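Residues 1 to 145 in full-length UniProt numbering are what the sequence shown lists, from first letter to last.
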Amino acid sequence: MQDAFHIDPATGDIRFADIRITPQTTADALPARFAVGPVRSVSVEGKDVPCQFATVAALDDTTPVTVSLRFEADALVSVFVELAQPVSYDDIGVVEERHRRWIASKLGKDPGGLTRYPWGSAGVAQDKSGGVHIFLHNRNNTWGR
């Protein structure tokens with residue numbers, strides 16, 4: 001399935017296949033294609049907050065991507081995109097550059113580690129396990145600015 005992943009640089013809204021993701025998107029309204037995880041309590045800025053993730057695999061042109069949505073207190077706060085990596089990509093710098101090129105093709109420029117937009121912020125980062133991902137934090141997000 002080819003989904004052609006689009007990010008509107010003016011709003012941060014995401015569209016692929018027949019799915020549109022906006023700050024108003026809720027976990028219970030997602031199509032069955034998403035795997036929606038359980039609600040768990042997490043600490044956000046010193047407060048316990050109910051948090052839930054929903055994940056879907058998609059294909060942007062020929063690039064497999066994993067899209068993860070983070071909901072806090074039922075509000076979508078962040079979208080994370082991870083590009084599938086060929087086995088030969090063991091150089092973290094190469095992986096990060098590949099993510100930067102991909103997001104630059106969607107937003108019109110490389111957001112670097114963090115760039116602010118009227119709709120939120122975006123960038124490329126490494127997680128605690130060393131994996132590289134793209135993040136898009138919307139205005140519902142209080143910690144990722």
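For each residue, glycine too, the CB sits at the ideal point set by N, CA and C. If you're wondering where the values come from, they're calculated on a predicted model, not measured in any experiment.
Handout entry: Exposure of HIS6, with buried meaning 16 or more beta-carbon neighbours within 10 Å
Key = HIS6 should be labelled exposed.
Exercise for the section: Please classify VAL94: does DSSP put it in a helix, a strand, or coil? Expected result: Helix, per DSSP.
Exercise for the section: Taking SER129 as the reference, give the member of GLU97, ARG139, ASP110, ILE92 with the closest Cα. Expected result: Of all alpha-carbon atoms in GLU97, ARG139, ASP110, ILE92, the one lying nearest the alpha-carbon of SER129 is that of ILE92.
Problem - Exposed unless 16 or more other CB atoms sit within 10 angstroms - verdict on residue 146 - result: Given a span of 1 to 145 for the chain in the structure shown, any question on residue 146 remains unanswerable.
Handout entry: Cα-Cα separation, TYR117 to SER78
Key = Whole-angstrom Cα-Cα distance: 14 Å.
Problem - Neighbourhood of ALA35 by C-beta distance below 6 Å, restricted to the same chain and skipping five residues each side - result: Cβ neighbours of ALA35 beyond the five flanking positions: THR55.
Exercise for the section: Look up SER43 in the DSSP assignment and give the residues it is bridged to. Expected result: According to DSSP, which records beta bridges pairwise, SER43 is partnered with ASP48.
Problem - Assigned exposure category for PRO111 - 16 Cβ within 10 Å defines buried - result: PRO111 sits buried, since 16 or more C-beta atoms from the chains shown fall within 10 Å of its C-beta.
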